[in-house]
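Working notes, beginning with the structure itself.
Residue numbers (our numbering), protein chains in the order written: chain A, 756 to 868; chain B, 572 to 684.
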């Protein structure tokens, strides 16, 4: 519906492992942002990429890192997983930096045991 | 600091009535606000946005009001329908130390038939 696809949809990891989540942006969008949403809470901003460069970051530790590729697809990497990292991870794309109109994927549900 | 909050965690309305969802923000320099709707199992969906040079903006069955004096905005949904049942988030988009979108905690809207 939004043209933003995320993979995988669900995954289970154990504490200390690393995870990579992927996102394909809507066609024509050069900006992508990632959010962590715990159950019953609002999405928490992790970071934003514009034309392959990070241009905004929330209050997340360095073990949360990302990449945006030339085709504007994106990855979120989380190292040294902790139990509190269990959440829904949402990716959103937008046309450019001047708009706050975000198009979200349906998320990747991460469970850390 | 940055924060966007909501007055009530849940709101229950009768089908056909109007719904009003409120939101407060703390940063007087904030100038761009967005409302999102999130249905169960889905990512947030853009509803409407408003910039600080406006007090009111209307969409299809929705109206957003912005009161900069008291740092408050509201989302009004006319003739609420069962399909409006969801969690509603207000969010702020801006460039303070980097571009970022800050979401509030959300209000769950229940529509009674």
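We put the beta carbon where it would ideally sit given N, CA and C, even for glycine.
Bear in mind that the values here come from a model prediction, so they are computed numbers and not experimental data.
Residue i versus residue j - alpha carbon distance
{"i": "residue 622 (chain B)", "j": "residue 847 (chain A)", "result": "21 Å"}
{"i": "residue 772 (chain A)", "j": "residue 605 (chain B)", "result": "36 Å"}
{"i": "residue 775 (chain A)", "j": "residue 809 (chain A)", "result": "17 Å"}
{"i": "residue 827 (chain A)", "j": "residue 683 (chain B)", "result": "42 Å"}
{"i": "residue 835 (chain A)", "j": "residue 594 (chain B)", "result": "36 Å"}
{"i": "residue 573 (chain B)", "j": "residue 649 (chain B)", "result": "Because residue 573 (chain B) carries a pLDDT of 45, less than 50, the predicted location of this residue cannot be relied on, and the following value inherits that uncertainty. If you take the alpha carbons of residue 573 (chain B) and residue 649 (chain B), they lie about 30 Å apart."}
{"i": "residue 633 (chain B)", "j": "residue 781 (chain A)", "result": "25 Å"}
{"i": "residue 824 (chain A)", "j": "residue 806 (chain A)", "result": "8 Å"}
{"i": "residue 582 (chain B)", "j": "residue 785 (chain A)", "result": "36 Å"}
{"i": "residue 617 (chain B)", "j": "residue 661 (chain B)", "result": "10 Å"}
{"i": "residue 860 (chain A)", "j": "residue 608 (chain B)", "result": "13 Å"}
{"i": "residue 620 (chain B)", "j": "residue 837 (chain A)", "result": "35 Å"}
{"i": "residue 656 (chain B)", "j": "residue 795 (chain A)", "result": "15 Å"}
{"i": "residue 674 (chain B)", "j": "residue 665 (chain B)", "result": "12 Å"}
Assigned secondary structure, residue i (DSSP; H/G/I helix, E/B strand, else coil)
{"i": "residue 665 (chain B)", "result": "strand"}
{"i": "residue 839 (chain A)", "result": "helix"}
{"i": "residue 851 (chain A)", "result": "coil"}
{"i": "residue 654 (chain B)", "result": "helix"}
{"i": "residue 806 (chain A)", "result": "coil"}
{"i": "residue 595 (chain B)", "result": "strand"}
{"i": "residue 814 (chain A)", "result": "coil"}
{"i": "residue 759 (chain A)", "result": "coil"}
{"i": "residue 632 (chain B)", "result": "coil"}
{"i": "residue 830 (chain A)", "result": "strand"}
{"i": "residue 788 (chain A)", "result": "strand"}
{"i": "residue 866 (chain A)", "result": "strand"}
{"i": "residue 773 (chain A)", "result": "coil"}
{"i": "residue 768 (chain A)", "result": "strand"}
{"i": "residue 581 (chain B)", "result": "strand"}
{"i": "residue 614 (chain B)", "result": "coil"}
Close beta carbons around residue i, own chain, < 8 Å, minus the five adjacent residues each side
{"i": "residue 653 (chain B)", "result": "586, 682, 684"}
{"i": "residue 802 (chain A)", "result": "788, 789, 809, 811, 812, 813, 815, 819, 821"}
{"i": "residue 584 (chain B)", "result": "590, 651, 680, 681, 682, 683"}
{"i": "residue 770 (chain A)", "result": "836, 837, 838, 867, 868"}
9 Å Cβ cut-off: residues of chain B touching residue i
{"i": "residue 826 (chain A)", "result": "Neighbours of residue 826 (chain A) on chain B: none; closest Cβ ~21 Å, over 9 Å."}
Close Cβ partners of residue i (< 6 Å) along its chain, the five nearest in sequence each way excluded
{"i": "residue 645 (chain B)", "result": "591, 593, 636"}
{"i": "residue 762 (chain A)", "result": "777"}
Within chain B, partners of residue i - CB distance below 8 Å
{"i": "residue 861 (chain A)", "result": "612, 613, 614"}
{"i": "residue 813 (chain A)", "result": "671"}
{"i": "residue 856 (chain A)", "result": "605, 617, 620"}
Environment of residue i [buried if 16+ CB atoms lie within 10 Å]
{"i": "residue 668 (chain B)", "result": "exposed"}
{"i": "residue 791 (chain A)", "result": "buried"}
{"i": "residue 798 (chain A)", "result": "buried"}
{"i": "residue 866 (chain A)", "result": "exposed"}
{"i": "residue 678 (chain B)", "result": "buried"}
Neighbourhood of residue i by C-beta distance below 7 Å, restricted to the same chain and skipping five residues each side
{"i": "residue 642 (chain B)", "result": "595, 596, 597, 599"}
{"i": "residue 856 (chain A)", "result": "849"}
{"i": "residue 842 (chain A)", "result": "791, 792, 793, 865"}
{"i": "residue 767 (chain A)", "result": "866, 868"}
Within chain B, the residues that residue i reaches when beta carbons sit closer than 7 Å
{"i": "residue 788 (chain A)", "result": "672"}
{"i": "residue 800 (chain A)", "result": "671, 672, 673"}
{"i": "residue 758 (chain A)", "result": "Within chain B, no residue comes near residue 758 (chain A); the closest Cβ sits about 12 Å away, beyond 7 Å."}
{"i": "residue 803 (chain A)", "result": "670, 671"}
Residue i CB to nearest heavy atom of the ligand FAD below 7 Å
{"i": "residue 660 (chain B)", "result": "Looking at this structure, you won't find the ligand FAD or any other ligand, since it has none at all."}
Proximal chain A residues relative to residue i, where beta-carbon distance stays under 8 Å
{"i": "residue 600 (chain B)", "result": "Result: empty, since nearest Cβ-Cβ is about 15 Å, beyond 8 Å."}
Chain A residues whose Cβ lies nearer than 7 Å to that of residue i
{"i": "residue 660 (chain B)", "result": "797"}
{"i": "residue 677 (chain B)", "result": "797"}
{"i": "residue 664 (chain B)", "result": "855"}
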